[in-house]
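I have placed the structure first, in the form of structure tokens, so that the comments after it can refer back to it.
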Amino acid sequence: MTAPLRALATSQAPTAIYPRTPVKSVAATPADAVSARSIVTFLTPAERQRVDALGQGSYTTVHRESFDDILRDLRSQPVSAILVSVSRYQQDHGTQVARMVREFPRVPAVALLTGNEARTTQSLLALGQRGVQTLVDARDPAGWRDLRQFVNREVSTTIESVAIRRIRADLAGANDDCLRFFDELFLAPMSLTTVRQLARRLGVVPTTFMSRFFRAGIPAPKKYLATARLVRAARLLENPGYSLTQVAFLLEYSSPQSFSRHVMHSLQCGAAEFRKTYNGEAMLEYLRQRLILPYQQQLIAFAPVEVTPPWISRPALVPARRPDTGRASPSAVSALA
């Protein structure tokens, strides 16, 4: 039995970890413009304007004209939520909506109600039967606030945000430098694939960056980056709509075979077995148990990104001046030599 649509209750949303990005309304945007903080919509023109205004500084909206376009977006980039207008929904959209919900269960689909029409009840029932279980009633101003809070909650529950919170809890009291490194493992775009790229993003010389891990007796940064990428891969693969090939290319592996080799090297299992065995939460737990908790004390004292040598911050020595000539005294000069 299909669960009915449930109205979204007003509640205080938790603070999202991700930095906020400006809103962007797009009628026909290439798939690569959709970001992890995007909501993809199927709305009327009037609803688009309201949703765009609501999203200022919080999320990006990408407006589509068909569910085929939405499915292409879902397969090509992570999306935070899908917003479907009750007014625009037609019965012939049912098959596509059911497929969208079935193939991407990790992406919440939300019905947006903004008006009273003769077929509103039928459309709501049809959306519920197709698997859309959340309703935002925006006929009241409070509904728009509920929508914004809902999207912010979804952003704060992405695997990246969950990982950052848990690792920060594991490393309570750690150097900000160390926390920044772990934050960047999950905040960096999926196109970041090498330690050299990560070091440049952090503003440190790659060779210096890597040697600090070795000297501290901590696993190499390559190991942390590779495992963090597998956490993201495992979360994406929770959606049946993603194939192993699509996930490999989303994460910028050179080929599906390269992704399979990476999985085999890291976990001693094939890509298909990886998909069956690990979801995002399980892979995050693997990272914590293998790479965080055993090295907790070293990591808390670790500063992998610090780029200013300690001697630069020392106060400069100023030679003493002879009161009669204004020249530096010989003793001061010898002290500086």
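Following numbering that gives the first Met the number 0 from start to finish, the sequence shown increments by one per residue and tops out at 336.
Using N, Cα and C, we set each Cβ at its ideal position, and we do this for glycine too.
Remember, predicted model here, so these are calculated numbers, not experimental data.
Is the beta carbon of residue i sitting closer than 9 Å to the one on residue j?
| i | j | result |
| --- | --- | --- |
| V83 | V150 | no |
| L229 | S265 | yes |
| A187 | R179 | no |
| R118 | V100 | no |
| L111 | V135 | yes |
| A233 | F273 | yes |
| L298 | L197 | no |
| A108 | T133 | yes |
| S57 | R147 | yes |
| R71 | E237 | no |
| A300 | N174 | yes |
| L290 | K222 | yes |
Keeping to the same chain, check which residues put their C-beta closer than 6 Å to that of residue i; ignore five residues upstream and five downstream.
| i | result |
| --- | --- |
| F181 | I166 |
| Y252 | F258 |
| Y241 | L235 |
| T192 | E251 |
| F208 | A198 |
For residue i, which residues in the same chain have their Cβ closer than 8 Å to its Cβ, ignoring the five residues on either side in sequence?
| i | result |
| --- | --- |
| S254 | A247 |
| C358 | Outside the shown range of the chain, which is 0 to 336, sits residue 358, and nothing can be said about it. |
| A271 | L243 |
Quick check on the burial criterion: 16 or more other C-beta atoms within 10 angstroms. Buried or exposed for residue i?
| i | result |
| --- | --- |
| P44 | exposed |
| F258 | buried |
| L283 | buried |
| D67 | exposed |
| E116 | exposed |
| G114 | exposed |
| F213 | exposed |
| L124 | exposed |
| G172 | exposed |
| E64 | exposed |
| D91 | exposed |
| V239 | Position check: residue 239 holds Pro in this sequence, whereas Val was assumed. Exposed, by the Cβ-count rule. |
| V204 | exposed |
| T59 | buried |
| S37 | buried |
| S210 | exposed |
Might you give, ordered along the chain, the residues of its own chain that have their beta carbon closer than 7 Å to the beta carbon of residue i, omitting 5 neighbours on each side?
| i | result |
| --- | --- |
| R87 | F41, L42, T43 |
| D176 | A302, P303, V304, E305 |
| A315 | Unreliable positioning characterises A315 in this predicted model, as indicated by a pLDDT of 46, which lies under 50. A coordinate reading is not provided. |
| A162 | F185, V230, L283 |
| Q245 | R74 |
| I158 | V230, R231, R234, G279, L283 |
Regarding residue i and the ligand SAH, is the C-beta to nearest heavy atom distance less than 8 Å?
| i | result |
| --- | --- |
| R71 | Judged by which ligands are present, the structure shown has none, so any question about the ligand SAH falls away. |
**Request:** Tell me the start and end of each unbroken alpha helix (DSSP H) in the stretch 151–175 that is at least 4 residues and wholly inside, in chain order.
**Result:** 158–169
| message | Using 8 Å as the cut-off, can you tell me whether the stretch 38–58 makes contact with the stretch 79–95, which would need three or more C-beta pairs spanning the two stretches below that distance? | response | yes
Inter-stretch contact (C-beta, 8 Å, three-pair minimum) for the stretch 137–151 and the stretch 44–53: yes
Would you say the stretch 285–297 touches the stretch 217–224, given that touching needs at least three Cβ pairs under 8 Å? yes
Ordered list of beta strand (DSSP E) runs contained in the stretch 114–144, each at least 3 residues
133–136
**OP:** Could you tell me which uninterrupted alpha helix (DSSP H) segments, each at least 4 residues in length, are contained entirely in the stretch 64–98, listed from first to last along the chain?
**Re:** Here the runs fully enclosed are 66–75.
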